[in-house]
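2 protein chains.
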Amino acid sequence: MKLYDYTRAPNPRRVRIFMAEKGIEIPLEAVDLGTEAQFDEDFARRNPFRTVPLLELDDGTHISESMAICRYLEALNPEPPLFGSTPLEQARVEMWSRRAELTGLLHAADVVRNSIAFFADKSLPGVQGGSPQIEALIERGKAGLDRFFRAFDQQLADNEFVAGDHYSVADITTQVTIEFAGWRKIGIPEECQNLARWYQQVSARPSAKA
Amino acid sequence: MKLYDYTRAPNPRRVRIFMAEKGIEIPLEAVDLGTEAQFDEDFARRNPFRTVPLLELDDGTHISESMAICRYLEALNPEPPLFGSTPLEQARVEMWSRRAELTGLLHAADVVRNSIAFFADKSLPGVQGGSPQIEALIERGKAGLDRFFRAFDQQLADNEFVAGDHYSVADITTQVTIEFAGWRKIGIPEECQNLARWYQQVSARPSAKA
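As you go down the protein sequences, you meet chains A and B in turn.
Sequential numbering of the first sequence, starting at 1, is according to our numbering.
Sequential numbering of the second sequence, starting at 1001, is according to our numbering.
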């Protein structure tokens, strides 16, 4: 197996943290998004959607999409379960993971991709040009992140981890969302002390170095 | 169990089609998004993220997010498997399901929510006001849908179903995306004959009536 990776990007980081939590080691191969290597013919043949992370199996099969890769690794290495154990736990992990993506990660991506000069005309991942930045998405994204911080703060008032009693992929996505928002110096609001407590805790886990 | 539902919306439809494919019957309760019933205190207590579908269990537990609900139902009713059987199949279903959401459904939502007067100032799901429409997202969404149609047409040139040999949730999300794009009269491009063949096929399944 081989994982096509780009150190700075949030989605590959989700998979690397997941692997670290599982104790899984897979050789990494860098795809330099900074020079748009994801649009090279070679890479596009492996993933026509031109995104990283991308997992390559030994028989040449490719799996893209962070959560698809993580689910594959979970099936092969069930312990510790990071997608929940019982049907209800699994549903809760999926629910909170989706909430983190839809109400957090996507807003952070909107802020970053529409405000940094590098992404001019390529504000959508995997699309080479023809996708101009939309200034209004910066404000919309900031407002969305503010709602996200407050909603997750409330959840973490009564729960040790995002999806409940156990650490899961929902924590990973939430952690990476907060880091990504930090690219534009958007931090956890001071009154969100539960979220801040939790963020300190996950950032101290060895997997945070992944 | 009870499913909070809204007939016209794409996400509840994903769950209803899923239930029909499984032969699962759950009483439906309508939440009238047309009168913004999702913002009533009563409903917001059940789902602070104010979205449908929402599954209510007999003990009062709530599960939101279509794919979390479907995964819960899959765990309780494994046959026929709609999230794949082997680890690799499961990864492929998740990958194509995500691709359908991120490169299809989200673009259709952008086109619909930013172009219909009803959504003025509430262009984001679950957010009551303060989220103005962004005209540029209409064009970006249309261009995205065009890429989506062509990419999925290519996948369906070599595969009977979206994720490979078996019908799965990836087909459901793709089907609902095409229906949703149809709200704004955006149809499958004429040259995408594989996608058209497949769409005719899934639309003829009994579950399409759900």
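Don't be surprised by glycine CBs; every beta carbon is placed ideally from N, CA and C.
Residue i versus the options, residue with shortest Cα-Cα distance
i, options, result
"Asp1158 (chain B)", "B:Val1176, B:Gln1193 and B:Asp1040", "B:Gln1193"
"Asp1153 (chain B)", "B:Thr1174, B:Leu1106 and B:Arg1008", "B:Thr1174"
"Arg98 (chain A)", "A:Met19, A:Phe148 and A:Ile138", "A:Phe148"
"Leu1076 (chain B)", "B:Val1169, B:Met1019, B:Phe1049 and B:Gln1128", "B:Met1019"
"Asp121 (chain A)", "B:Arg1140, B:Val1169, B:Pro1048 and B:Glu1094", "B:Arg1140"
"Val1202 (chain B)", "B:Gly1187, B:Pro1053, B:Ile1178 and B:Tyr1006", "B:Ile1178"
"Gln128 (chain A)", "A:Phe119, A:Ala136 and A:Glu135", "A:Phe119"
"Ile1024 (chain B)", "B:Pro1080, B:Ala1030 and B:Val1093", "B:Pro1080"
"Asp1171 (chain B)", "B:Ala1100, B:Gly1187 and B:Leu1073", "B:Ala1100"
"Glu1109 (chain B)", "B:Pro1087, B:Gly1144 and B:Glu1089", "Per the sequence shown, residue 1109 (chain B) should be read as Ala rather than Glu. The shortest C-alpha separation from Ala1109 (chain B) is found at B:Gly1144."
"Leu1106 (chain B)", "B:Pro1087, B:Pro1078, B:Leu1088 and B:Ile1138", "B:Ile1138"
"Asp1165 (chain B)", "B:Leu1088, B:Glu1074 and B:Leu1073", "B:Leu1088"
"Gly104 (chain A)", "A:Glu74, A:Ala163 and A:Asp146", "A:Asp146"
"Arg1184 (chain B)", "B:Lys1142, B:Val1169 and B:Phe1049", "B:Lys1142"
"Pro1048 (chain B)", "A:Val169, A:Gly187, A:Asp40 and A:Trp96", "A:Trp96"
"Ile1186 (chain B)", "B:Gln1200, B:Val1111 and B:Leu1195", "B:Val1111"
Residue span of the beta strand (DSSP E) that contains residue i, given as start and end
i, result
"His1062 (chain B)", "His1062 to Ser1064"
"Asp1005 (chain B)", "Lys1002 to Asp1005"
"Leu124 (chain A)", "Where Leu124 (chain A) is concerned, there is no enclosing beta strand (DSSP E), given that its DSSP letter is neither H nor E."
"Leu55 (chain A)", "Leu54 to Glu56"
Opening and closing residue of the alpha helix (DSSP H) in which residue i lies
i, result
"Leu1033 (chain B)", "Where Leu1033 (chain B) is concerned, there is no enclosing alpha helix (DSSP H), given that its DSSP letter is neither H nor E."
"Asp1042 (chain B)", "Glu1041 to Arg1046"
"Glu21 (chain A)", "Pro10 to Lys22"
"Glu1089 (chain B)", "Pro1087 to Ala1100"
"Ile1178 (chain B)", "Val1169 to Gly1182"
"Leu1137 (chain B)", "Ala1136 to Asp1158"
"His107 (chain A)", "Leu106 to Ser115"
"Ala210 (chain A)", "Here Ala210 (chain A) belongs to no alpha helix (DSSP H), and DSSP marks it neither H nor E."
"Asn194 (chain A)", "Gln193 to Ser203"
Status (buried if at least 16 other CB within 10 Å, exposed otherwise) for residue i
i, result
"Ser85 (chain A)", "exposed"
"Ala117 (chain A)", "exposed"
"Thr1035 (chain B)", "exposed"
"Pro27 (chain A)", "exposed"
"Lys1209 (chain B)", "exposed"
"Pro206 (chain A)", "exposed"
"Asp1059 (chain B)", "exposed"
"Gly1204 (chain B)", "At residue 1204 (chain B) the sequence reads Ala, which differs from the Gly that was named. Its Cβ having fewer than 16 others within 10 Å, Ala1204 (chain B) is exposed."
"Arg1092 (chain B)", "buried"
"Arg1016 (chain B)", "buried"
"Gly182 (chain A)", "exposed"
"Lys22 (chain A)", "buried"
"Asp1042 (chain B)", "exposed"
"Arg1008 (chain B)", "exposed"
"Arg45 (chain A)", "exposed"
"Glu94 (chain A)", "buried"
Same chain, Cβ closer than 7 Å to residue i, neighbours up to 5 away in sequence not counted
i, result
"Arg1071 (chain B)", "Phe1083"
"Leu102 (chain A)", "none"
"Ile1069 (chain B)", "Val1015, Pro1053, Leu1055 and Ile1063"
Contact set for residue i: own chain, Cβ-Cβ below 6 Å, skip 5 residues either direction
i, result
"Glu56 (chain A)", "Lys2 and His62"
"Ser1123 (chain B)", "Arg1113, Asn1114, Ser1131 and Gln1133"
"Tyr6 (chain A)", "Pro12, Val31, Leu33 and Val52"
"Phe1180 (chain B)", "Pro1010 and Ala1108"
"Glu29 (chain A)", "Lys2 and Tyr4"
"Phe161 (chain A)", "Tyr167 and Asp171"
Neighbourhood of residue i by C-beta distance below 8 Å, restricted to the same chain and skipping five residues each side
i, result
"Thr1051 (chain B)", "Asn1011, Gln1038, Ser1064, Glu1065, Pro1125 and Gly1126"
"Arg197 (chain A)", "Leu156"
"Ala1136 (chain B)", "none"
"Arg150 (chain A)", "Pro189 and Cys192"
"Gln90 (chain A)", "Phe83 and Gly84"
"Val169 (chain A)", "Arg14, Phe18, Met67, Cys70, Leu82, Phe83, Val93 and Ser97"
"Ala1163 (chain B)", "Gly1084, Glu1089, Arg1092, Val1093, Met1095, Trp1096, Ser1097, Ala1170 and Asp1171"
Practice task
Return the residues of the segment 1024-1052 of chain B that lie within a Cβ-Cβ distance of less than 7 Å from chain A, sorted by chain order.
Solution key: Pro1048 and Phe1049
Exercise for the section: Using a Cβ-Cβ cut-off of less than 8 Å, give me the residues of the segment 1058-1071 of chain B that come near chain A, in sequence order. Expected result: Thr1061, Ile1063, Ser1064, Glu1065, Met1067, Ala1068, Ile1069 and Arg1071
Exercise for the section: Please list the residues of the segment 88-100 of chain A that have a C-beta atom closer than 9 Å to any C-beta atom in chain B, keeping them in chain order. Expected result: Leu88, Gln90, Ala91, Arg92, Val93, Glu94, Met95, Trp96, Ser97, Arg98 and Arg99
Exercise for the section: Check each residue of the segment 1131-1144 of chain B: if its Cβ is closer than 8 Å to any Cβ of chain A, include it; give the result in chain order. Expected result: Ser1131, Pro1132, Ile1134, Ala1136, Leu1137, Arg1140, Ala1143 and Gly1144
Handout entry: Members of the segment 147-159 of chain A that neighbour chain B once the beta carbon cut-off is set at 9 Å
Key = Arg147, Ala151, Gln154 and Gln155
Exercise for the section: For the segment 71-83 of chain A, enumerate the residues whose C-beta is nearer than 7 Å to any C-beta of chain B, in chain order. Expected result: Arg71, Tyr72, Ala75 and Leu76
Handout entry: Interface residues of the segment 1171-1189 of chain B facing chain A [CB-CB below 8 Å]
Key = none
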